[in-house]
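Colleague:
Residue numbers (UniProt numbering): 1 to 311.
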């Protein structure tokens, strides 16, 4: 077994929380590199102020996170080339920076058991049009998806991350391509996290029954879990009923949703106890192996997760 599977044999893990929205919260509104001001999202902060990215990683570790996810979600080679003209060498330098700040945060924490997950985001991040939330990829071909994902797969396959995290996948077509790529790049454990915007279907409308059937075809000892992320925490209970045959990682959004009609995030009222109640419920599911947070979660919410897991 790999390191992550070994750890999961011993305990449930705490995943970190939001990066982009947490950076947005910490930066002054006058900052020239707010994540929301760029298609590169938190990648823009990684370029301009990597120390702040490191601080957020450290804040999550200090809150109890056992796994931190690198800041490369929105920094595919295609996006870096399209939006700021980077060549491949510059992209690799930035990816190494993301890995370096994560490692530095772990070192400063004094812990030697923190897992670093290398993030690969969906093709939607290149389109930068909110398609993470509807899976509409405008007729992209399988070959274009392969070319989009290959550079980061190659980078992380040859890096010293503990696990590759392919996350927020809204498209069934893309999911099939990603599973194909995991058969080519074979040096790391991996998990694949899907983005269903309802309790019963992937963002593109594919039934979660069909999604589960696809995951069931994976026969690879490096496959650690199916993730559920970037959906409202209120959807998780129903989504999880489709994934009972797999270890699952849960790290949903908290307190807001993405409105695809106006292409922006809108706030949503949240009862203070709802997050803790949801975590307690998920911890009772035998196949839930890790819990964290996605958009708008902070170290405070991750500390709640850590406390509840330890109870």
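Positions of the beta carbon are idealized from the N, C-alpha and C atoms, including for glycine. Remember, predicted model here, so these are calculated numbers, not experimental data.
Please report the straight-line C-alpha distance between residue 220 and residue 32, rounded to a whole angstrom.
Modeller: Roughly 44 Å separates the two Cα atoms.
Colleague: Between the segment 190-207 and the segment 234-244, do three or more beta carbon pairs fall short of 8 Å?
Modeller: A contact exists between the segment 190-207 and the segment 234-244.
Colleague: Nearest CA to the CA of residue 180: which residue from 292, 149, 158?
Modeller: Nearest C-alpha to residue 180: 149.
Colleague: Over the uninterrupted beta strand (DSSP E) stretch that includes residue 193, give me the two end residues.
Modeller: 189-194 is the span of the beta strand (DSSP E), which, as asked, contains residue 193.
Colleague: Here's a check: name, in chain order, each residue in its chain whose Cβ is nearer than 8 Å to the Cβ of residue 12, leaving out the five neighbours to either side.
Modeller: So the qualifying residues of the chain are 283, 288, 289, 290, 291, 309.
Colleague: Can you check the segment 77-137 for any beta strand (DSSP E) of at least 3 residues that lies completely inside it and give the ranges in chain order?
Modeller: Listed in chain order, they are 115-120.
Colleague: Is residue 73 near residue 118, with beta carbons less than 8 Å apart?
Modeller: Against a cut-off of 8 Å, the Cβ pair of residue 118 and residue 73 comes out as no contact.
Colleague: Using the Cα positions of residue 280 and residue 89, report the straight-line distance between them to the nearest angstrom.
Modeller: Answer to the nearest angstrom: the Cα atoms are 45 Å apart.
Colleague: Across which residues does DSSP place residue 227 in a beta bridge pair?
Modeller: In DSSP, residue 227 forms a bridge with 193, 249.
Colleague: Where does residue 288 fall in DSSP's three states?
Modeller: In the structure shown, residue 288 sits in a strand (DSSP, three-state: E or B).
Colleague: What is the DSSP secondary structure of residue 15, counted as helix, strand or coil?
Modeller: The answer is strand: DSSP assigns residue 15 an E or B state.
Colleague: From the DSSP secondary-structure annotation, give me the bridge partner or partners of residue 312.
Modeller: Since the first and last residues shown for the chain are 1 and 311, residue 312 lies out of range.
Colleague: Please classify residue 67: is it buried, with 16 or more other beta-carbons within 10 angstroms of its beta-carbon, or exposed?
Modeller: Label assigned to residue 67: buried.
Colleague: Assuming contact is defined by CB atoms lying nearer than 8 Å, are residue 251 and residue 61 in contact in what I supplied?
Modeller: For residue 251 and residue 61, no; Cβs fall outside 8 Å.
Colleague: Would you call residue 93 buried or exposed, if buried means 16 or more other Cβ atoms sit within 10 Å of its Cβ?
Modeller: Flag for residue 93 reads exposed.
Colleague: Using three-state DSSP, classify residue 21 as helix, strand or coil.
Modeller: Three-state result, residue 21: helix.
Colleague: Starting from the C-beta of residue 303, find all residues in its chain whose C-beta is less than 6 Å away, skip the five residues before and the five after it, and write them out in chain order.
Modeller: The answer, listed in chain order, is 63, 64.
Colleague: Report the option in 168, 299, 4 whose CA atom is closest to the CA atom of residue 116.
Modeller: Taking only the C-alpha atoms, the option nearest residue 116 is 4.
Colleague: Strictly by DSSP, which residues pair up with residue 165?
Modeller: DSSP, once it has assigned bridges, lists 119, 191 as partnering residue 165.
Colleague: To the nearest angstrom, report how far apart residue 258 and residue 131 are at their CA atoms.
Modeller: With a pLDDT of 49 at residue 258, under the threshold of 50, the modelled position of that residue is not reliable, and the figure given next carries that caveat. Whole-angstrom Cα-Cα distance: 10 Å.
Colleague: With DSSP as the reference, please indicate the residues paired to residue 232 in a beta bridge.
Modeller: In the DSSP output, where bridge partners are listed per residue, residue 232 has 253.
Colleague: Quick test of your reading: residue 101 and residue 50, contact by CB under 8 Å. State the CB separation rounded to the nearest angstrom.
Modeller: Contact flag correct, Cβ pair sits at about 5 Å.
Colleague: Let me check one thing: in DSSP terms, what residues is residue 300 bridge-paired to?
Modeller: Answer by DSSP bridge pairing: none, since residue 300 is not bridged.
Colleague: Using only CA atoms, which one of 188, 29, 122, 38 lies nearest to residue 159?
Modeller: Among 188, 29, 122, 38, the Cα nearest to that of residue 159 belongs to 188.
Colleague: Under the three-state reduction of DSSP, which class applies to residue 171: helix, strand or coil?
Modeller: Three-state DSSP puts residue 171 in coil, outside helix and strand.
Colleague: Which residues bound the alpha helix (DSSP H) around residue 39?
Modeller: Per DSSP, residue 39 belongs to no alpha helix (DSSP H) and is neither H nor E.
Colleague: Please list, in chain order, all residues of the same chain as residue 17 whose beta carbon is under 7 Å from its beta carbon, the five residues on each side excluded.
Modeller: Correct list, in chain order: 60, 292, 293, 297, 298, 299, 301, 302.
Colleague: Output the distance between the C-alpha atoms of residue 167 and residue 30, rounded to the nearest integer angstrom.
Modeller: Going by the C-alpha atoms only, they are around 30 Å apart.
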